[in-house]
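Everything below concerns the one structure shown next.
There are 2 protein chains.
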Amino acid sequence: MSAPLETWLNGSRVGDALAFSRGLHYGDGLFRTLLKYDSQLIDLKLQIIKVSHDAQALGLEPPPAELLMEEAAAVSAKVRTGVVKILLLRQSGGRGYKPQSAQVDRLLQCHELPDFPARHWREGIAAIRCGLRLGRQPALAGIKHLNRLEQVLASRDWPEGAVEGILCDERGAPICGTRSNLFWVRDGSLHTPALDGCGVAGVMRDKVLACGTALGLKLRVESRPWSVLLEAEEAFVTNSLIGIWPLRSLEQRVWQAPGPLTTRLAAVLRHPYLGFS
Amino acid sequence: MSAPLETWLNGSRVGDALAFSRGLHYGDGLFRTLLKYDSQLIDLKLQIIKVSHDAQALGLEPPPAELLMEEAAAVSAKVRTGVVKILLLRQSGGRGYKPQSAQVDRLLQCHELPDFPARHWREGIAAIRCGLRLGRQPALAGIKHLNRLEQVLASRDWPEGAVEGILCDERGAPICGTRSNLFWVRDGSLHTPALDGCGVAGVMRDKVLACGTALGLKLRVESRPWSVLLEAEEAFVTNSLIGIWPLRSLEQRVWQAPGPLTTRLAAVLRHPYLGFS
């Protein structure tokens with residue numbers, strides 16, 4: 017977007033740099049969220065690798081990794097524990113959808129850490145199957161871009177007590193949680209859905225797969241029917257803030273959580289929230 | 017999003033209301049764009065009906081129509097001719113995808129009118145078929161929401177001279193232009209794709225269908241294969257700024273543009289840009 021002649025927000029004139037950002041108008045950008053814990057920015061380098069990968073996938077020029085690392089440290093300098101969100105927004109220029117630039121604006125934010133109950137790890141969580149199904153878009157699959165209305169709509173109207181919603185693709189295969197990646201264990205193999213049609217490839221997903229390799233597990237990255245998930249021996253969701261949350265229930269299925277292999281993976285992962293720090 | 021503790025934009029602290037808008041972070045909102053021409057806000061009431069419809073589809077509470085009409089007039093008060101963009105952004109509250117509120121912020125902007133060449137109507141435009149295919153998402157189909165990365169990516173890398181790109185759905189059926197709705201004429205019937213899986217239902221699409229009815233044409237609103245579009249006798253794209261642009265070429269197909277029925281429709285439509293004002 018080129019700068020508008022005039023912008024009003026709720027009836028008052030604003031001269032706001034973000035009011036004509038392509039990030040706001042089109043979701044033309046991406047983000048990653050990471051944990052600051054005990055003054056450490058957890059997996060910062062891995063997160064910035066993801067930022068750079070996603071940027072290139074959208075035709076954006078990633079900023080130097082050193083600059084993002086400095087800014088992530090600076091924006092969170094006042095807190096020992098918190099959440100840092102790094103956003104890249106395609107710079108404006110011209111008008112309309114056609115991107116005129118690969119340059120980005122860097123928006124970094126520091127938030128308070130949400131209050132995750134420790135029992136989510138120790139006892140597992142109740143999950144539901146979302147009614148909304150993820151559309152298939154290979155050009156955007158895996159990328160943590162700013163077009164997240166599917167996740168917003170899928171997060172509405174959960175029953176009391178549900179902590180995460182599992183999203184399926186158009187064919188009904190489970191893909192991910194609304195804000196997490198999905199894994200399950202069966203016959204000693206570690207399974208996670210392929211993300212070639214939809215879903216977001218999180219840093220924690222890569223780390224859990226690496227931990228599975230370290231434990232000598234057979235890894236299977238592929239889409240499977242819903243029934244396969246319900247028949248799994250263990251199941252869990254992951255993201256960079258929570259680490260691992262085992263599933264305790266999903267529809268009629270109830271698991272003893274965390275399961276033995278999930279516990280072994282968590283011991284290798286050593287995420288601060290799981291009692292291993 | 018609740019307010020962050022700290023926000024930096026390109027290395028400087030900002031205290032910007034939009035920096036934690038759900039519009040920016042998730043594309044959780046919608047917009048409509050309308051023409052101001054000769055001091056008239058064209059089809060303002062119809063646009064606000066669309067805004068209200070889209071808001072309800074996303075679980076948002078639309079502001080009173082009178083308020084939006086007043087603000088659209090106020091934001092464009094200084095220009096006789098221009099473009100007014102009305103955005104509704106879901107208000108913040110809580111953290112994460114789950115919407116905590118149906119209340120919206122109203123962001124209105126006035127832009128200069130793009131310089132559309134008169135020959136686009138008089139001689140038609142060259143269009144191309146976009147490589148990217150629209151994902152199917154019935155929960156969002158028809159809505160002019162802020163998740164527009166598909167349109168951004170589809171607008172890249174057009175050959176010289178191409179003025180619009182035609183987007184197909186996953187099965188290869190033509191749906192719309194990147195910034196327009198699509199029509200074609202065959203055997204005296206007026207055709208436009210159904211928008212139940214993807215695409216945006218524009219005000220001008222409704223108006224052209226109404227003009228078709230006024231002319232006694234048979235209307236067919238349904239998805240059809242790509243080959244049907246290429247075999248059409250006339251084809252054109254529409255939006256609220258341009259009115260109608262006939263297609264002069266699409267892949268190997270060349271049309272005499274504007275065709276006779278397109279010309280009759282335009283005469284009923286009387287859009288300011290088409291020489292009928």
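Taken in sequence, the protein lines are chains A and B. According to our numbering, the stretch in the first sequence is residues 17 to 293, in order. According to our numbering, the stretch in the second sequence is residues 17 to 293, in order. Think of the CB as a built atom: it goes at the ideal place given N, C-alpha and C, for glycine as much as any other residue.
Can you find a C-beta in chain A that's less than 7 Å from the C-beta of residue i?
{"i": "Val-168/B", "result": "yes"}
{"i": "His-136/B", "result": "no"}
{"i": "Tyr-53/B", "result": "no"}
{"i": "Asp-44/B", "result": "yes"}
{"i": "Cys-126/B", "result": "yes"}
{"i": "Thr-254/B", "result": "no"}
{"i": "Gly-275/B", "result": "no"}
{"i": "Val-91/B", "result": "yes"}
{"i": "Ser-117/B", "result": "no"}
Would you grab the beta carbon distance between residue i and residue j for me? Rounded to a whole angstrom, and I think it's under 8 Å.
{"i": "Ser-196/A", "j": "Val-219/A", "result": "Incorrect: roughly 12 Å between the Cβ atoms, too far for contact."}
{"i": "Gly-228/B", "j": "Leu-206/B", "result": "4 Å"}
{"i": "Phe-47/A", "j": "Leu-129/A", "result": "The Cβ separation is near 17 Å, so there is no contact."}
{"i": "Ala-73/B", "j": "Ile-182/B", "result": "With a Cβ gap of about 25 Å, Ala-73/B and Ile-182/B do not count as contacting."}
{"i": "Arg-111/A", "j": "His-127/B", "result": "7 Å"}
{"i": "Glu-176/B", "j": "Arg-149/B", "result": "The pair is not a contact, with the Cβ atoms about 23 Å apart (cut-off 8 Å)."}
{"i": "Val-120/B", "j": "Ala-71/B", "result": "7 Å"}
{"i": "Ser-37/B", "j": "Leu-40/A", "result": "7 Å"}
{"i": "Arg-202/B", "j": "Ala-248/B", "result": "5 Å"}
{"i": "Thr-194/A", "j": "Tyr-113/B", "result": "6 Å"}
{"i": "Ile-64/A", "j": "Met-85/A", "result": "6 Å"}
Roughly how many angstroms separate the alpha carbons of residue i and residue j, rounded to a whole number?
{"i": "Ile-191/A", "j": "Val-237/A", "result": "11 Å"}
{"i": "Ala-211/A", "j": "Pro-274/B", "result": "In the sequence under discussion, the amino acid at residue 211/A is Leu, which differs from the Ala named in the question. If you take the alpha carbons of Leu-211/A and Pro-274/B, they lie about 45 Å apart."}
{"i": "Ala-81/B", "j": "Lys-101/B", "result": "15 Å"}
{"i": "Val-216/A", "j": "Leu-103/A", "result": "15 Å"}
{"i": "Ser-92/B", "j": "Leu-50/B", "result": "11 Å"}
{"i": "Ala-90/B", "j": "Pro-115/A", "result": "30 Å"}
{"i": "Ile-141/A", "j": "Gln-268/A", "result": "14 Å"}
{"i": "Gly-151/B", "j": "Lys-94/A", "result": "42 Å"}
{"i": "Pro-133/A", "j": "Gly-98/A", "result": "15 Å"}
{"i": "Leu-124/A", "j": "Val-179/A", "result": "27 Å"}
{"i": "Arg-172/B", "j": "Asp-44/A", "result": "13 Å"}
{"i": "Glu-77/A", "j": "Gln-107/A", "result": "11 Å"}
{"i": "Leu-165/B", "j": "Ile-258/A", "result": "28 Å"}
{"i": "Leu-169/A", "j": "Gln-272/B", "result": "45 Å"}
{"i": "Ala-230/A", "j": "Gly-147/A", "result": "36 Å"}
{"i": "Gly-109/B", "j": "Val-284/B", "result": "47 Å"}
{"i": "Gly-27/B", "j": "Leu-21/B", "result": "15 Å"}
{"i": "Arg-280/B", "j": "Ser-68/B", "result": "31 Å"}
For residue i, which residues in the same chain have their Cβ closer than 6 Å to its Cβ, ignoring the five residues on either side in sequence?
{"i": "Ile-260/A", "result": "Phe-252, Thr-254, Ala-282"}
{"i": "Pro-288/B", "result": "Tyr-53"}
{"i": "Thr-208/A", "result": "Phe-199, Val-237"}
{"i": "Leu-266/A", "result": "Ala-143"}
{"i": "Trp-137/B", "result": "Leu-290"}
Give a yes or no on whether the minimum CB-CB distance between residue i and chain B is below 7 Å.
{"i": "Cys-146/A", "result": "no"}
{"i": "Ser-68/A", "result": "no"}
{"i": "Asp-121/A", "result": "yes"}
{"i": "Ala-155/A", "result": "yes"}
{"i": "Asp-32/A", "result": "yes"}
{"i": "Gly-151/A", "result": "yes"}
{"i": "Leu-211/A", "result": "no"}
{"i": "Glu-176/A", "result": "no"}
{"i": "Val-179/A", "result": "no"}
{"i": "Asn-197/A", "result": "no"}
{"i": "Leu-40/A", "result": "yes"}
{"i": "Asn-26/A", "result": "yes"}
{"i": "Glu-22/A", "result": "yes"}
{"i": "Val-244/A", "result": "no"}
{"i": "Tyr-113/A", "result": "yes"}
{"i": "Leu-257/A", "result": "no"}
Excluding the 5 residues flanking residue i on each side, which residues of the same chain have their C-beta closer than 8 Å to its C-beta?
{"i": "Leu-62/B", "result": "Val-219, Asp-222, Lys-223"}
{"i": "Leu-25/B", "result": "Asp-32, Ala-35"}
{"i": "Leu-83/B", "result": "Arg-122"}
{"i": "Trp-242/B", "result": "Arg-145, Cys-184, Gly-188, Ala-189, Pro-190"}
{"i": "Pro-276/B", "result": "Glu-250"}
{"i": "Leu-233/B", "result": "Gly-204, Ser-205, Leu-206, Leu-277"}
{"i": "Val-270/B", "result": "Arg-264"}
{"i": "Ala-118/B", "result": "Gly-75, Leu-76, Glu-77, Arg-106"}
Which residues in the same chain have their Cβ closer than 7 Å to the Cβ of residue i, if we skip the five residues on either side of it in sequence?
{"i": "Cys-214/B", "result": "Leu-150, Gly-151, Arg-152, Gln-153, Ala-157, Asp-185, Ile-191"}
{"i": "Ala-88/B", "result": "Leu-57, Leu-60, Val-100, Ile-102, Leu-124"}
For the ligand GDP, is there a heavy atom less than 6 Å away from the beta-carbon of residue i?
{"i": "Lys-223/A", "result": "As for the ligand GDP, it is missing from this structure, which has no ligand bound."}
Discussion item. Just to confirm the assignment: which complete beta strand (DSSP E) runs, minimum length 3, are found wholly within the segment 101-186 of chain A?
Written reply: 120-127, 141-150, 180-185
Worksheet item: Whole beta strand (DSSP E) runs in the segment 202-269 of chain B with 3 or more residues, listed along the chain?
Response: 205-208, 234-237, 250-255, 259-266
Discussion item. Suppose only complete runs of 4+ residues qualify. What are the alpha helix (DSSP H) ranges in the segment 22-53 of chain B, listed by chain order?
Written reply: 38-42
Worksheet item: Can you list, in chain order, the stretches of the alpha helix (DSSP H) that have 4 or more residues and sit fully within the segment 66-105 of chain B?
Response: 81-91
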